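Peer 1:
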Amino acid sequence: MYTQALNQAEPETVATEEPGRLARFQERIDAEERIEPNDWMPAAYRRTLIRQISQHAHSEIVGMLPEGNWITRAPSLRRKAALLAKVQDEGGHGLYLYAAAETLGVTREELVDQLLSGAAKYSSIFNYPTLTWADIGAIGWLVDGAAIMNQIPLCRTSYGPYARAMIRICKEESFHQRQGYEIMLTLCRGTPEQKAMAQDALNRWWWPALMMFGPPDSESQHTAQSMRWKIKRFTNDELRQKFVDATVPQGLYLGLTFPDPDLRFDPETGHWRFGAIDWEEFRRVLAGHGPCNRERLEARRRAHAEGAWVREAALANAAKRRQRTAYAAQRIAAE
Ligand code: BYC
Numbered sequence: 001m002y003t004q005a006l007n008q009a010e011p012e013t014v015a016t017e018e019p020g021r022l023a024r025f026q027e028r029i030d031a032e033e034r035i036e037p038n039d040w041m042p043a044a045y046r047r048t049l050i051r052q053i054s055q056h057a058h059s060e061i062v063g064m065l066p067e068g069n070w071i072t073r074a075p076s077l078r079r080k081a082a083l084l085a086k087v088q089d090e091g092g093h094g095l096y097l098y099a100a101a102e103t104l105g106v107t108r109e110e111l112v113d114q115l116l117s118g119a120a121k122y123s124s125i126f127n128y129p130t131l132t133w134a135d136i137g138a139i140g141w142l143v144d145g146a147a148i149m150n151q152i153p154l155c156r157t158s159y160g161p162y163a164r165a166m167i168r169i170c171k172e173e174s175f176h177q178r179q180g181y182e183i184m185l186t187l188c189r190g191t192p193e194q195k196a197m198a199q200d201a202l203n204r205w206w207w208p209a210l211m212m213f214g215p216p217d218s219e220s221q222h223t224a225q226s227m228r229w230k231i232k233r234f235t236n237d238e239l240r241q242k243f244v245d246a247t248v249p250q251g252l253y254l255g256l257t258f259p260d261p262d263l264r265f266d267p268e269t270g271h272w273r274f275g276a277i278d279w280e281e282f283r284r285v286l287a288g289h290g291p292c293n294r295e296r297l298e299a300r301r302r303a304h305a306e307g308a309w310v311r312e313a314a315l316a317n318a319a320k321r322r323q324r325t326a327y328a329a330q331r332i333a334a335e
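With this note's numbering applied, the sequence shown corresponds to residues 1 to 335, in that order.
1. Please determine whether the Cβ atom of residue 52 lies at a distance below 7 Å from any heavy atom of the ligand BYC.
2. In whole angstroms, what is the alpha-carbon distance linking residue 139 and residue 270?
3. What first and last residue would you give for the beta strand (DSSP E) that runs through residue 273?
4. On the DSSP bridge assignment, give the partners of residue 337 in chain order.
5. Is residue 35 helix, strand or coil when you go by DSSP?
6. List the DSSP bridge partners of residue 159.
7. Exposed or buried, residue 265, counting other C-beta atoms within 10 Å across all chains shown (16 or more means buried)?
8. Are residue 128 and residue 20 touching if we call contact CB-CB under 8 Å?
9. Check for me: the alpha helix (DSSP H) holding residue 249 runs from which residue to which?
10. If you drop the 5 nearest sequence neighbours on each side, which residues of the same chain put their C-beta closer than 7 Å to that of residue 222?
11. When you compare each of 164, 135 and 277 to residue 68 by their alpha carbons, which one comes out closest?
12. If you measure between the beta carbons of residue 66 and residue 130, is that distance less than 8 Å?
13. Would DSSP call residue 30 helix, strand or coil?
14. Give every residue of the same chain whose Cβ lies closer than 7 Å to the Cβ of residue 1, excluding the five residues on either side of it in the sequence, and list them in chain order.
15. Rounded C-beta distance between residue 180 and residue 144? I'm assuming under 8 Å.
16. Helix, strand or coil for residue 213 per DSSP?
17. Put residue 106 into one of helix, strand or coil per three-state DSSP.
18. Please state if the CB of residue 86 and the CB of residue 286 are separated by a distance shorter than 8 Å.
19. Assuming residue 213 and residue 146 are in contact, meaning their beta carbons sit under 8 Å apart, how far apart are those beta carbons, in whole angstroms?
20. Could you spell out where the alpha helix (DSSP H) holding residue 124 opens and where it closes?
21. Counting C-beta neighbours from all protein chains within 10 Å, is the total for residue 288 16 or more, i.e. buried, or is it exposed?
22. Identify the continuous alpha helix (DSSP H) that holds residue 317 and give its terminal residues.
23. My output table needs one value for residue 133: the three-state DSSP class, helix, strand or coil.
24. Using C-beta distances below 7 Å, list every residue in its chain close to residue 187, excluding the 5 sequence neighbours before and after it, in chain order.
25. Quick one: is residue 55 buried, meaning 16 or more other Cβ sit within 10 Å of its Cβ, or exposed?
26. So, helix, strand or coil for residue 151, using DSSP?
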């Protein structure tokens, strides 16, 4: 079962992977060759990819919920149309990513079951609530900004289908980031109440956005191996620092302050130094105890149950088409 594939070593498979094959595989990786679905790959490489790509897909799908919450309440038709398009893009990203994961031999149904049963992870960030319209700005600016920082290097990830999916996803994410920043800019140039709303959103989303990059390198289980396989091109801490360096000047331009008394520019290194992240909070959210974990999973389960008739209709339609093709073939053969 997929859960086992995720969580356990597969001794039989590992034992049959001769060192020569593993070495040749690593040579291909080191030579920057792309690995394609029909190529031989170590079982652990396959498992790591299924884990990462499916978590990424689930994040896109669950990520539709906090913003979807504001579609009916967007302040103008233009804002509504842009938000609707963004949320639809996220659904599309989830589908490309599920398709990329399927090339590794896992089925869509297994992946969806993993999400709905609570066995699979999705990004911690989507377990926080969207309380005001400014949260939609903050999500686009910070969450999509963090996503781009993490995902641009994935366009060069070693597994071909994942890398190719990421190219289109990154183009769309960059539109998402700009629409979010533009919402923040409009609010910051608006009334004092609007600016205060933008500040409050930054206060609530800043630290969770930094947690999106994953645990510190010293505690990251997968980073070292994923870097050797060139699935990841940068470590969690490297990407987090790049994000802070890119984002702090954008926040200062908005006239906002960051909720971090230790944030300061270090002229010697050229980096913004930031304070300690509350990793206890991160662990709580991953363990299912964030502000919205329960609500998010319930929403996905409800949507899945309510969509059952669509899946049944699609299957019935496919069966009817197969039958028609078979009759046509029989008629031609009889003539
Ligand atoms: N939240 O060894 P590590 C989006 C897990 S979608 C939850 O460092 P790895 C967007 C990690 O999975 C954003 N879990 O792992 C959508 C692992 O658990 P397991 C999603 C997290 O894989 C809609 C354990 O902690 N982006 O942007 O080397 C609207 C140890 O971590 C998190 C992607 O998925 C987290 N934040 O590195 C707007 C990008 N962090 O599996 C925006 C692709 C870590 O051992 N994924 N964990 O049980 C990646 O780049 C990597 O998987 C990560 C983690 C950097 C996230």
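Beta carbons: idealized from backbone N, C-alpha and C, even for Gly.
Treat the numbers as computed from the prediction; the structure is a model and nothing was measured.
Peer 2: With the structure as the only source:
1. yes
2. 26 Å
3. 271–273
4. Past the edges of the chain, shown from 1 to 335, lies residue 337, and the structure says nothing about it.
5. strand
6. 35
7. exposed
8. no
9. 236–254
10. 48
11. 135
12. yes
13. helix
14. In this predicted model, residue 1 has a pLDDT of only 35, less than 50, meaning its place in the structure is not dependable; the value taken from the coordinates is given anyway. So no residue of the chain qualifies.
15. 6 Å
16. coil
17. coil
18. no
19. 7 Å
20. Residue 124 -> no alpha helix (DSSP H), and no H or E assigned at all.
21. exposed
22. 308–334
23. coil
24. 134, 137, 194, 195, 197 and 198
25. buried
26. helix
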